[in-house]
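Undergrad: In full-length UniProt numbering, the protein residues as written are 1 to 516.
Heads up, the beta-carbon is just placed ideally off N, CA and C, and yes, glycines get one too.
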Amino acid sequence: MASDSPEWLLATVWKYFVTFALLSTVYLALDRVREYYRLRHFAGPATSGISWWWHSKAVISGRAHEFYGDVTEKYGPIARVAPNHLITSDSEFWAGINAVRSQYQRAPWYYHAARFEPGKDNVFTECDNDRHDARRKKMTAGYSGKENPSLEPSIDEHVKELVDLVRKYAAPAASTKPSTPMDLAKKIPYFTLDVISHVGLGEPFGDLLADKDQKGYLQASEEGLKIGNTAFAMGIGWLRNTPIIGPAISPSEKDETGYGRLMAEARKIVDARRSRSTEGKSDMLASFIRNGVSGDDLFQEAFEQILAGSDTTAAAIRVILLYIITHPRVYKNLQAEIDDAVKSGAAPTSSIVPDAECRKLPYLGAVIREGMRVYPPVVNLFSRVTPPSGDVVTISGTEHHIPGGTLIGYSAWSMHRNNTALYGSDASSFRPERWLGVSDAEHLAKMIKTNDMIFGYGRWVCLGRNVALIEIHKCVFELFRVFDFALKDPVVPWKTFNSLGLWEIKDMWVHVTVRE
Numbered sequence: 001m002a003s004d005s006p007e008w009l010l011a012t013v014w015k016y017f018v019t020f021a022l023l024s025t026v027y028l029a030l031d032r033v034r035e036y037y038r039l040r041h042f043a044g045p046a047t048s049g050i051s052w053w054w055h056s057k058a059v060i061s062g063r064a065h066e067f068y069g070d071v072t073e074k075y076g077p078i079a080r081v082a083p084n085h086l087i088t089s090d091s092e093f094w095a096g097i098n099a100v101r102s103q104y105q106r107a108p109w110y111y112h113a114a115r116f117e118p119g120k121d122n123v124f125t126e127c128d129n130d131r132h133d134a135r136r137k138k139m140t141a142g143y144s145g146k147e148n149p150s151l152e153p154s155i156d157e158h159v160k161e162l163v164d165l166v167r168k169y170a171a172p173a174a175s176t177k178p179s180t181p182m183d184l185a186k187k188i189p190y191f192t193l194d195v196i197s198h199v200g201l202g203e204p205f206g207d208l209l210a211d212k213d214q215k216g217y218l219q220a221s222e223e224g225l226k227i228g229n230t231a232f233a234m235g236i237g238w239l240r241n242t243p244i245i246g247p248a249i250s251p252s253e254k255d256e257t258g259y260g261r262l263m264a265e266a267r268k269i270v271d272a273r274r275s276r277s278t279e280g281k282s283d284m285l286a287s288f289i290r291n292g293v294s295g296d297d298l299f300q301e302a303f304e305q306i307l308a309g310s311d312t313t314a315a316a317i318r319v320i321l322l323y324i325i326t327h328p329r330v331y332k333n334l335q336a337e338i339d340d341a342v343k344s345g346a347a348p349t350s351s352i353v354p355d356a357e358c359r360k361l362p363y364l365g366a367v368i369r370e371g372m373r374v375y376p377p378v379v380n381l382f383s384r385v386t387p388p389s390g391d392v393v394t395i396s397g398t399e400h401h402i403p404g405g406t407l408i409g410y411s412a413w414s415m416h417r418n419n420t421a422l423y424g425s426d427a428s429s430f431r432p433e434r435w436l437g438v439s440d441a442e443h444l445a446k447m448i449k450t451n452d453m454i455f456g457y458g459r460w461v462c463l464g465r466n467v468a469l470i471e472i473h474k475c476v477f478e479l480f481r482v483f484d485f486a487l488k489d490p491v492v493p494w495k496t497f498n499s500l501g502l503w504e505i506k507d508m509w510v511h512v513t514v515r516e
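#1: On the DSSP letters alone, give me the boundaries of the beta strand (DSSP E) that Tyr410 sits inside.
#2: What number of angstroms, rounded off, separates the C-alpha of Asp255 from the C-alpha of Leu422?
#3: Under 8 Å between the Cβ atoms of Val71 and Ile87?
#4: Tell me the DSSP secondary structure of Phe497 in three-state form.
#5: What does the alpha-carbon distance come out to for the pair Glu442 and Met453?
#6: Excluding the five sequence neighbours on either side, which residues of its own chain have a C-beta within less than 7 Å of the C-beta of Val159, listed in chain order?
#7: Quick one: Cα of Asp484 to Cα of Gly424, how far?
#8: Measuring alpha carbon to alpha carbon, tell me which residue in Lys187, Tyr37, Tyr36 is nearest Arg318.
#9: On the three-state DSSP scale, how would you describe Trp52?
#10: What residues in its chain sit with their C-beta under 6 Å from that of Glu516, if we drop five residues either side in the sequence?
#11: Let's see if you can read the secondary structure: which residues bound the beta strand (DSSP E) around Asp484?
#12: May I ask you to report which of helix, strand or coil DSSP gives His443?
#13: Could you tell me which of Ser389, Leu334, Arg369 sits nearest to Pro403, measuring between CA atoms?
#14: If you run the structure through DSSP and keep just helix, strand and coil, what is Ala173?
#15: Name the residue from Ser499, Trp503, Leu193, Arg481 whose alpha carbon lies nearest to the alpha carbon of Tyr110.
#16: Exposed or buried, which one is residue 517 when buried takes at least 16 other CB atoms within 10 Å?
#17: Please report the distance separating the alpha-carbon of residue 517 from that of Ala58.
#18: Does DSSP put Val491 in a helix, in a strand, or in coil?
#19: Taking the alpha carbon of Ala113 as the reference point, which residue from Phe382, Lys446, Ala134 has its own alpha carbon closest?
#20: Can you find a CB in chain B that lies within less than 8 Å of the CB of Arg80?
#21: Can you tell me which of Gln300, Arg267, Asn418 puts its alpha carbon nearest to the alpha carbon of Lys74?
#22: Looking at Ile470: is its Cβ nearer than 8 Å to the Cβ of Ile155?
#23: Take Leu239 and list the residues in its own chain whose beta-carbon comes closer than 8 Å to its own, dropping the five residues that flank it on each side.
#24: Taking the continuous alpha helix (DSSP H) assigned at Trp94, which residues delimit it?
#25: Considering only the alpha carbon of each residue, which of Leu502, Lys177, Ala356 lies closest to Gly309?
#26: Does Asp183 come out as helix, strand or coil in the three-state DSSP assignment?
#27: For a quick check, are the C-beta atoms of Tyr143 and Asn380 less than 8 Å apart?
#28: Using the C-alpha atoms, what's the distance from Thr398 back to Ala347?
#29: By DSSP, does Lys57 sit in helix, in strand, or in coil?
#30: Might you give, ordered along the chain, the residues of its own chain that have their beta carbon closer than 8 Å to the beta carbon of Gly228, omitting 5 neighbours on each side?
#31: Just curious, the alpha helix (DSSP H) that Arg329 is in, first and last residue?
#32: Leu364 lies in the alpha helix (DSSP H); which residues open and close that run?
#33: Among Arg373, Ser344, Glu7, which one has its Cα closest to the Cα of Leu361?
#34: At what residues does the alpha helix (DSSP H) containing Thr72 begin and finish?
#35: Could you say which of Pro77, Asp90, Ala134, Ala82 lies nearest to Val100 if we only look at CA atoms?
#36: Between the Cα of Tyr259 and those of Glu304, Leu285, Asn241, Ala272, spot the shortest distance and give me the residue it belongs to.
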């Protein structure tokens with residue numbers, strides 16, 4: 001066969017292709033064997049040592065939190081869920097990983113899947129510790145309220161709007177007719193969106209007054225999270241960071257609907273504010289600008305706070321409301337405490353209860369803690385990466401060596417909801433009284449520390465924690481001060497789906513009656 005004939009060229013190309021394919025297969029097989037042996041001393045589901053299949057199935061199901069919880073229940077407080085990924089339910093170990101001076105880093109594999117735009121980070125997706133810490137420092141004052149004296153009055157404004165909106169659907173006191181059914185799953189996000197857009201951007205979206213998703217944010221968020229969750233489960237999230245494919249499959253500000261349109265709306269607000277003086281302005285955006293957040297970073301942070309400050313708080317409020325409504329004893333005790341606060345003058349009849357007074361109510365505080373414990377409002381995996389030198393840790397009396405470059409996440413379900421060692425044999429039950437009258441101060445302190453990890457810990461503790469807790473306390477107090485709630489369908493009270501650790505909650509239909 002002539003060396004320049006088509007047949008010879010085809011045979012040569014085929015030979016090299018086969019050789020390359022064989023070498024690639026051998027390399028991948030050896031790499032998978034290496035990964036298996038690196039973590040062979042950690043137990044886990046049968047396929048987790050050689051394949052990501054088990055983890056992909058967990059994520060695509062929308063119930064990943066339950067899968068992670070089952071693994072740690074079966075295999076112990078540190079277990080394997082994929083060839084190079086461990087998961088833990090041990091609160092002390094997780095606290096050490098997240099400590100301010102920890103050498104662990106966020107895992108790009110997980111956090112870059114949550115980017116809004118390819119290659120662009122915000123304080124949540126930034127995986128370099130030094131860059132994260134520097135950016136976080138610039139934003140702390142804005143989130144804490146130190147530079148925002150109108151923070152609480154702004155929240156009060158929207159709590160009142162929420163009460164007024166619910167009143168539209170409520171039956172009069174002592175009415176014998178049912179009220180118009182209302183979907184709390186929709187109304188609560190209107191409230192949290194209006195709050196965060198107001199205190200964050202200086203302009204509320206106006207969803208409560210309009211009684212609708214004005215800018216299509218809720219629908220866009222749901223669609224975006226579902227797409228992101230599917231890509232994450234299939235292991236193709238990295239495609240968004242490629243030069244050509246990434247921009248083609250990512251939201252664009254030129255889009256007529258969805259995430260892209262919302263990004264365009266947010267950029268208009270940010271660009272308009274960037275060109276004006278921050279003097280006299282007291283919202284988060286003004287604080288960010290004053291403290292040196294600039295350029296595209298300013299947009300990334302402004303847009304991030306809309307998602308992080310709305311979805312998570314809305315989930316917490318809906319969870320707490322559902323557990324109160326479905327537990328008559330708790331319902332009765334909570335309303336009694338609220339009524340006593342009103343009678344004593346701690347909660348003025350003509351205005352929204354002050355946050356300082358809310359925090360003095362022990363049963364309300366216990367109900368809020370317990371609701372977020374039994375059904376954590378954020379169930380992210382929060383993957384970290386061990387330092388190159390690895391780590392040696394002792395968990396439940398057993399020493400473990402974790403090789404460098406290993407991914408480690410946490411199981412919210414087992415650390416909080418199913419933690420019988422810390423919360424007692426009825427840990428999976430909603431019982432706010434477990435937080436009251438605890439005689440062992442050291443044990444109570446550990447309960448509180450673990451429960452607070454719902455908001456993160458150490459270097460990565462949630463910046464918006466203070467704002468969220470003000471919203472939650474005021475919202476629960478005022479709704480149960482004014483109304484009585486009953487589920488339309490107690491058998492199926494809602495529908496939930498976990499996308500990237502955030503809850504999609506639907507169809508939480510209730511009947512509402514104004515209290516006498």
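TA: The short version:
#1: To locate residue 410, count along the sequence shown from 1; it is residue 410. Unbroken beta strand (DSSP E) run through Tyr410: 407–410.
#2: As a working mapping, residue 255 is identified with position 255 in the sequence shown. As a working mapping, residue 422 is identified with position 422 in the sequence shown. Near 49 Å, if we compare the C-alpha coordinates of Leu422 and Asp255.
#3: Looking up residue 71 in the sequence shown gives position 71. Looking up residue 87 in the sequence shown gives position 87. Yes, these two residues count as a Cβ contact at 8 Å.
#4: By 1-based counting over the sequence shown, the position of residue 497 is 497. Residue state, collapsed to three classes: strand.
#5: Start at 1 with the first residue of the sequence shown, and residue 442 comes out as number 442. Start at 1 with the first residue of the sequence shown, and residue 453 comes out as number 453. So the alpha carbons of these two residues sit roughly 17 Å apart.
#6: Working through the sequence shown from its first residue, we reach residue 159 at position 159. Correct list, in chain order: Ile352, Lys474, Cys475, Glu478.
#7: For this step, residue 484 is matched to residue 484 along the sequence shown. For this step, residue 424 is matched to residue 424 along the sequence shown. Whole-angstrom Cα-Cα distance: 31 Å.
#8: Locating residue 318 in the sequence shown gives position 318, where the first residue counts as 1. Comparing Cα positions, the closest option is Lys187.
#9: Reading the sequence shown from its first residue, position 52 is the one you call residue 52. Note: Trp52 maps to coil in three-state DSSP.
#10: Residue 516 sits at position 516 when you count from the first residue of the sequence shown. Ala173.
#11: Taking the sequence shown and counting its residues from 1, the one referred to as residue 484 is at position 484. From DSSP, the beta strand (DSSP E) with Asp484 extends over 483–487.
#12: Locating residue 443 in the sequence shown gives position 443, where the first residue counts as 1. Helix, per DSSP.
#13: What you label residue 403 is simply residue 403 of the sequence shown in a count that begins at 1. Cα-wise, what sits closest to Pro403 is Ser389.
#14: Looking up residue 173 in the sequence shown gives position 173. Three-state result, Ala173: coil.
#15: For this step, residue 110 is matched to residue 110 along the sequence shown. Looking at the Cα atoms, Ser499 is the closest of the given residues.
#16: It is not possible to answer for residue 517, since the shown part of the chain is limited to 1 through 516.
#17: A query on residue 517 cannot be resolved here, the shown segment of the chain reaching from 1 to 516 and no further.
#18: The residue given as residue 491 occupies position 491 in the sequence shown. In this structure, Val491 counts as coil in the three-state DSSP scheme.
#19: Looking up residue 113 in the sequence shown gives position 113. Minimum Cα-Cα distance from Ala113 among the listed residues Phe382, Lys446, Ala134 corresponds to Phe382.
#20: Although the question refers to chain B, the structure presented lacks it and comprises just one protein chain.
#21: Translated into positions along the sequence shown, residue 74 becomes position 74. Measuring from the Cα of Lys74, the nearest candidate turns out to be Asn418.
#22: The count along the sequence shown starts at 1 and reaches residue 470 at position 470. The count along the sequence shown starts at 1 and reaches residue 155 at position 155. The answer is yes: Cβ separation under 8 Å.
#23: Position 239 of the sequence shown holds residue 239. These residues qualify, in order along the chain: Ala231, Ile245, Gly246, Ile249.
#24: Along the sequence shown, read from residue 1 onward, the residue named residue 94 stands at position 94. Start and end: 91–98.
#25: In the sequence shown, residue 309 corresponds to position 309, counting from 1. For the residues Leu502, Lys177, Ala356, the minimum Cα distance to Gly309 belongs to Leu502.
#26: For the purposes of this step, residue 183 is identified with residue 183 of the sequence shown, where counting begins at 1. Residue state, collapsed to three classes: strand.
#27: Taking the first residue of the sequence shown as 1, we reach residue 143 at position 143. Taking the first residue of the sequence shown as 1, we reach residue 380 at position 380. Against a cut-off of 8 Å, the Cβ pair of Asn380 and Tyr143 comes out as no contact.
#28: As a first step, residue 347 must be located in the sequence shown, where it is residue number 347. As a first step, residue 398 must be located in the sequence shown, where it is residue number 398. Using only the alpha carbons, I get a separation of about 51 Å.
#29: On the sequence shown, residue 57 is found 57 positions in, with the first residue counted as 1. Lys57: helix per DSSP, three-state reduction.
#30: Within the sequence shown, residue 228 is the residue found at index 228, counting from 1. Taken in chain order, the residues that qualify are Ala113, Ala114, Gly237, Ser499, Leu500.
#31: Here residue 329 refers to the residue found at position 329 of the sequence shown. Its alpha helix (DSSP H) spans residues 328–344.
#32: By one-based count along the sequence shown, residue 364 stands at place 364. Looking at the DSSP string, the run of the alpha helix (DSSP H) that includes Leu364 is 362–374.
#33: Reading the sequence shown from its first residue, position 361 is the one you call residue 361. Taking only the C-alpha atoms, the option nearest Leu361 is Ser344.
#34: Taking the sequence shown and counting its residues from 1, the one referred to as residue 72 is at position 72. It spans 64–75 - the alpha helix (DSSP H) in which Thr72 sits, taken as one unbroken run.
#35: By one-based count along the sequence shown, residue 100 stands at place 100. The option with the nearest alpha carbon to Val100 is Ala134.
#36: Position 259 of the sequence shown, counted from the first residue, corresponds to residue 259. Ranking Glu304, Leu285, Asn241, Ala272 by Cα distance to Tyr259 puts Glu304 first.
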